[in-house]
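Asker: By numbering that gives the first Met the number 0, the letter at position 27 of the sequence shown is numbered 26, and the numbering carries on one by one without gaps. Using N, Cα and C, we set each Cβ at its ideal position, and we do this for glycine too. Every value quoted in this text rests on a predicted model; they were computed, and no experiment measured them.
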Amino acid sequence: MTRRIDGVWWPHSTDLLTELPELLAALPFDWPRITHATVNGAGWPALPGRILVAGHVVRLRHTTNRPGPDTVCLVAAGHGRWDLLILAPATPEPDALRMLAETARAGVPTPA
0 MTRRIDGVWW PHSTDLLTEL PELLAALPFD WPRITHATVN GAGWPALPGR
50 ILVAGHVVRL RHTTNRPGPD TVCLVAAGHG RWDLLILAPA TPEPDALRML
100 AETARAGVPT PA
C-alpha cells in the first residue's frame, strides 16, 4: 500500500545529519515535535540511531525495502506522521522548483 505524500523536501546534500535538523527547523510552528524520522532510499548513507535536534532526541531509521521514490517519514508521537518525497540534491533546479510549486498549490506533487 502506497502512502499519500504530504509534501516535498529538497535537501542540499545527502548528509542527513546536517540536512535533517535544517528540515525540522523549517517546519511550521504549529507542527508537534518530531520524535522519529525514517528515511527510505538507497542513496542515503547509514545513520546513527538518534540525533539531537534543538535540544530533543529524534530517533532515526534508514530503510531501503520500500519500493518507490525516496521519502522521509516524520513522526510526532501521539499526533501522526507526514511523508515527504525527497528530491535528490542533484535534481535540476527547474524540475525541483516545479515540484515544490505544485505541492504548494495542490498538495500532491507530480514526479518529473
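(1) Here's the rule I'm using: 16 or more other beta-carbon atoms within 10 Å means buried, otherwise exposed. How should valine 74 be labelled?
(2) Where does aspartate 94 fall in DSSP's three states?
(3) Can you tell me whether DSSP reads alanine 25 as helix, strand or coil?
(4) Starting from threonine 34 and walking both ways along the beta strand (DSSP E), at which residues does that stretch end?
(5) Would you check if there are 3 or more beta carbon pairs closer than 8 Å linking the stretch 78–87 to the stretch 7–19?
(6) Within 10 angstroms of its Cβ, does glutamate 113 collect 16 or more other Cβ (buried), or is it exposed?
(7) Three or more beta-carbon pairs under 8 Å between the stretch 49–60 and the stretch 21–33, yes or no?
(8) Can you say whether alanine 45 is buried or exposed, counting buried as having 16 or more other CB atoms within 10 angstroms of its CB?
(9) Note down the Cα distance separating asparagine 64 from alanine 103, rounded to an integer number of angstroms.
Answerer: On the basis of the data shown:
(1) Here residue 74 is taken as the residue at index 75 of the sequence shown, counted from 1. Buried.
(2) Stepping through the sequence shown from its first residue, residue 94 is reached at position 95. Here aspartate 94 sits in helix by DSSP.
(3) Position 26 of the sequence shown, counted from the start, is the residue given in the question as residue 25. Reduced to three states, the DSSP call for alanine 25 is helix.
(4) Position 35 of the sequence shown holds residue 34. No beta strand (DSSP E) holds threonine 34; DSSP gives it neither H nor E.
(5) yes
(6) Only positions 0 to 111 of the chain appear in this structure, which leaves residue 113 out of reach.
(7) yes
(8) Locating residue 45 in the sequence shown gives position 46, counting from the first residue. Exposed, because fewer than 16 other Cβ atoms sit within 10 Å of the Cβ of alanine 45.
(9) Numbered from 1 along the sequence shown, position 65 holds the residue referred to as residue 64. Numbered from 1 along the sequence shown, position 104 holds the residue referred to as residue 103. Distance between the alpha carbons of asparagine 64 and alanine 103: 29 Å.
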